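Q: Just passing along the structure, written as structure tokens.
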Amino acid sequence: LYYTIDATLRSSALGTLENTGTAQLLATAVDGQAEDPDLTNNSFTVSDLITTRADLATSIQTPDAYDPDSSQPMPYQVTVANLGPSDAAATTVTLQFTHQVRHNGGDACTPAFGDSFECDIETIPAGASHVITLGLSDLPIPGSELDSTAVAQSQTDDPDQANNSAASSTLMLTGVDLG
Numbered sequence: 011l012y013y014t015i016d017a018t019l020r021s022s023a024l025g026t027l028e029n030t031g032t033a034q035l036l037a038t039a040v041d042g043q044a045e046d047p048d049l050t051n052n053s054f055t056v057s058d059l060i061t062t063r064a065d066l067a068t069s070i071q072t073p074d075a076y077d078p079d080s081s082q083p084m085p086y087q088v089t090v091a092n093l094g095p096s097d098a099a100a101t102t103v104t105l106q107f108t109h110q111v112r113h114n115g116g117d118a119c120t121p122a123f124g125d126s127f128e129c130d131i132e133t134i135p136a137g138a139s140h141v142i143t144l145g146l147s148d149l150p151i152p153g154s155e156l157d158s159t160a161v162a163q164s165q166t167d168d169p170d171q172a173n174n175s176a177a178s179s180t181l182m183l184t185g186v187d188l189g
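For this note's numbering, add 10 to where a residue sits in the sequence shown, where the first one is 1.
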């Protein structure tokens, strides 16, 4: 006899999956008595290590042009989506800029000033997204561009690392309508 068991696990499942099967004789023998000469071999246990995978996908939203002399910080938003099938544990996002900038906080991104920031997100459940929203100031001079990349990583294995990073570019212009 062969049996196949299909199971659906929670996206947060970790560790080992164990399944125990037991067989017993239900038919009766000739004299009405069913006998199994060896009861020690009627059970079996199968153990499988649960393999977790979380496909992270990253995008950046910034304006195409921005006035660096504005009194308002430039909006900067990174979205990290977990396409699953498992939760993405201990997720971090590294932001890299072509110029040193200051950010107004948010999502435990450190340091507050520089050309590289590390943002700790923790766990992103399968099928969910996390948005990092920052306001950038101390921007480069008009006529230059502020380019950036965002790279998401997790302790959970990612089968498609090609979509873990995103890039953006914002032209610094005087007199841009921020309305």
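Beta carbons: idealized from backbone N, C-alpha and C, even for Gly.
Owing to the predicted nature of the structure, the values given are computational and were not obtained by experimental measurement.
#1: Check the DSSP bridge columns for D167 and list the partner residues they point to.
#2: Residues in the same chain with beta-carbon distance under 8 Å from N52, minus the five sequence neighbours each way, listed in chain order, please.
#3: Identify the continuous beta strand (DSSP E) that holds P95 and give its terminal residues.
#4: For G190, which residues in the same chain have their Cβ closer than 8 Å to its Cβ, ignoring the five residues on either side in sequence?
#5: From what residue to what residue does the beta strand (DSSP E) around I134 run?
#6: Of the residues F107, M182, Q82, which one's Cα is nearest the Cα of E128?
#7: If you drop the 5 nearest sequence neighbours on each side, which residues of the same chain put their C-beta closer than 6 Å to that of E155?
#8: Quick one: what's D157 bridged to in DSSP?
#9: Can you tell me whether S158 is buried or exposed? The criterion is at least 16 other CB atoms within 10 Å of its CB, across all chains shown.
#10: Hey, N92 and A100: beta-carbon distance below 8 Å or not?
#11: Would you call the stretch 128-142 in contact with the stretch 171-178, where contact means no fewer than 3 C-beta pairs closer than 8 Å?
#12: The beta strand (DSSP E) that contains G145, what's its start and end?
#13: Would A162 and T68 qualify as a contact pair, given that the criterion is a beta-carbon distance under 8 Å?
#14: Using CA coordinates, which residue listed in A160, I151, H140, D167 is at the minimum distance from R63?
#15: Would you say I70 and V103 are within 8 Å of each other, going by their C-beta atoms?
#16: Is A118 helix, strand or coil when you go by DSSP?
A: Judging by the given coordinates:
#1: R63
#2: T32, A33, Q34, D46
#3: 84-95
#4: Nothing about residue 190 can be read from this structure; the chain reaches only from 11 to 189.
#5: 123-134
#6: F107
#7: S179, L181
#8: S179
#9: buried
#10: no
#11: no
#12: 139-147
#13: yes
#14: D167
#15: no
#16: coil
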